[in-house]
Amino acid sequence: MTHTTLPQHAEHKTPNPYPPRPFSLSPSPPRPIPELPLSPTDRQRTAFRQDLLDWYDEHKRSMPWRETDDPYRIWVAEIMLQQTRVGTVRDYYHRFLEAFPTVGALADAERDEVLKRWEGLGFYARARHLHEAAQRVVEEHDGTVPDTMDAIEDLKGIGPYTAAAVLSIAHQKPHAVLDGNVTRVLSRVFAVEEDATTGTAQRHLRALANELLDPKRAGDFNQAMMELGALVCTPSTPLCDRCPLQNVCRAHDAGMEEDYPITPESEPVPHHDIAVGLVFDDGDRLLIQRRPDEGLLGGLWEFPGGKQEEGESMETACRRELREELGIEVEEVTPFYTLSHAYSHFKITLHAFRGRLADGPPEAREDQPFQWVGIDELGDYAFPRANRRLIEELHRRREEPSLFD
Ligand code: SF4
429 MTHTTLPQHA EHKTPNPYPP RPFSLSPSPP RPIPELPLSP TDRQRTAFRQ DLLDWYDEHK
489 RSMPWRETDD PYRIWVAEIM LQQTRVGTVR DYYHRFLEAF PTVGALADAE RDEVLKRWEG
549 LGFYARARHL HEAAQRVVEE HDGTVPDTMD AIEDLKGIGP YTAAAVLSIA HQKPHAVLDG
609 NVTRVLSRVF AVEEDATTGT AQRHLRALAN ELLDPKRAGD FNQAMMELGA LVCTPSTPLC
669 DRCPLQNVCR AHDAGMEEDY PITPESEPVP HHDIAVGLVF DDGDRLLIQR RPDEGLLGGL
729 WEFPGGKQEE GESMETACRR ELREELGIEV EEVTPFYTLS HAYSHFKITL HAFRGRLADG
789 PPEAREDQPF QWVGIDELGD YAFPRANRRL IEELHRRREE PSLFD
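Okay, so the sequence shown: first residue is 429 according to the numbering used here, each after it adds one.
In structure tokens, the structure reads:
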């Protein structure tokens, strides 16, 4: 864990509210949450409510979801913006709302259609949960997105962050958001000496954000905090000279901006080698399989395959996976394409082989149906990004006589 303490001169100004926790292997009873130890001073409160909002009014970026107070549209934007850059979300947001302009339209859509509109945006559980939640809004709330914390948090895929964002931006309800940007800003301004990823620290930071929030402009306040984190109080090299909170920021005062927030040291990212088969039948159609509903990339289609096991060649892994997953044997197996792809918590190298069905037919697992489709029909299905790159390569090489051999 990266742990820093403020130098003496700074510690004297404000006692450290988060003394380091002694390391122990034996489980310790949960500590009661103390009274909020980080009460803002009047000067800090003014800086957050006045200077920050003035800065926001002048510098906020224009975004389509900032031009509406429709809770459904704000909800869609907030779900898309989780783990995804603003620039990427813009196009998806427009296309998604064109297809599903109301919560009712989304509720009525087929799940495959929703996943297809989400294709490429990643974290597909977001789309599945959004779809399920829209159906509940129609069934239980007459198609109106609920406007209370309890009711909105009860919907699938809506946690404290999204609930606070929708309620504050659409209805000006005084609920502060706490995302990575807000965590960073508050950790720096108040020099929070605790691992910011822990539940305790998050509860303290949320309480602090709620104390600072301007109840007259709750939605703008939340967006201003996130905008400041995105544009000025960036993870590295924050632009303190342009920051409206500079005069009340303890980390800046100590010259230790980049030492906050305190976070655990990151683990090395695991890597897996994955073998997949592009299996053709006699009609030159390809075999695709749908992933189980739950879990990573749930409900998306893919070329069948799986992880290489110890001591196996990639070709053997491919043949074994096809046998285990679908009960088929493949002949003329030839390397087709290799690519690398990074997910949020691991990386893969995808080794694709092409081959011809020799013994079948495939047997579908209950929650993983398969289809035979022509290359031109692949665009009708939602695939993960790495598989989409294989499809692009298939299109590029389809004129090669060897592709179907
Ligand atoms: S002064 Fe610097 S470190 Fe402090 S909140 Fe502003 S940008 Fe962040």
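Beta carbons: idealized from backbone N, C-alpha and C, even for Gly.
The beta carbon of S615 sits closer than 6 Å to those of A624, Y688, P689, all from its chain and outside the five residues before and after it, given in chain order. Taken through DSSP and simplified to helix, strand or coil, G807 comes out as helix. DSSP places E794 outside any alpha helix (DSSP H), giving it a letter other than H or E.
Ranking A593, H779, A679, R612 by CA distance to the CA of R645 puts A593 first. About 5 Å separates the beta carbons of T590 and E506, which is inside the 8 Å limit, making them a contact pair. In the three-state scheme derived from DSSP, where H, G and I count as helix and E and B as strand, R719 is classed as coil.
Considering only H603, T572, W729, A562, the residue with the shortest C-alpha distance to K584 is A562.
With 16 or more other Cβ atoms inside 10 Å of its own Cβ, H632 counts as buried.
E759 and A810 have their alpha carbons spaced roughly 28 Å apart. Between the alpha carbons of R477 and Y500 lies a distance of about 27 Å.
Straight across, the Cα-Cα distance linking F528 with E805 is about 23 Å. A Cβ-Cβ contact shorter than 9 Å links G734 with A745. By the neighbour-count criterion, in which a residue is buried when 16 or more other Cβ atoms sit within 10 angstroms of its Cβ, V565 is buried.
Apart from sequence neighbours up to five positions away, the residues of its chain that approach A658 with a beta-carbon distance below 6 Å are N609, ordered along the chain. Assigned with DSSP and collapsed to three states, D479 falls in helix. Relative to the Cα of Q717, the nearest Cα in the group L725, D710, G711 belongs to L725. For V704, the three-state secondary structure derived from DSSP is strand. Remark: the shortest separation between the CB of R616 and any heavy atom of the ligand SF4 falls under 8 Å. Counting C-beta atoms within 10 angstroms of its own C-beta, V531 has 16 or more neighbours from the protein chains shown and is therefore classed as buried. Remark: the shortest separation between the CB of P666 and any heavy atom of the ligand SF4 falls under 8 Å. As a beta-bridge residue in DSSP terms, F781 pairs with G705, P763. Of the candidates P663, V761, D607, G548, the residue whose Cα lies closest to the Cα of Y520 is G548. Between the alpha carbons of G727 and T628 lies a gap of roughly 35 Å. For R471, the CB contacts under 7 Å within the same chain, skipping 5 residues up- and downstream, are V676 in chain order.
Fully contained in the region 526-579 are the following alpha helix (DSSP H) runs of length 4 or more, in chain order: 531-536, 539-546, 553-569. For L725, the secondary structure class from DSSP, reduced to helix, strand or coil, is coil. Secondary structure note for G733: its beta strand (DSSP E) is the uninterrupted segment 733-735. In this structure, H769 has its beta carbon at no less than 8 Å from each heavy atom of the ligand SF4.
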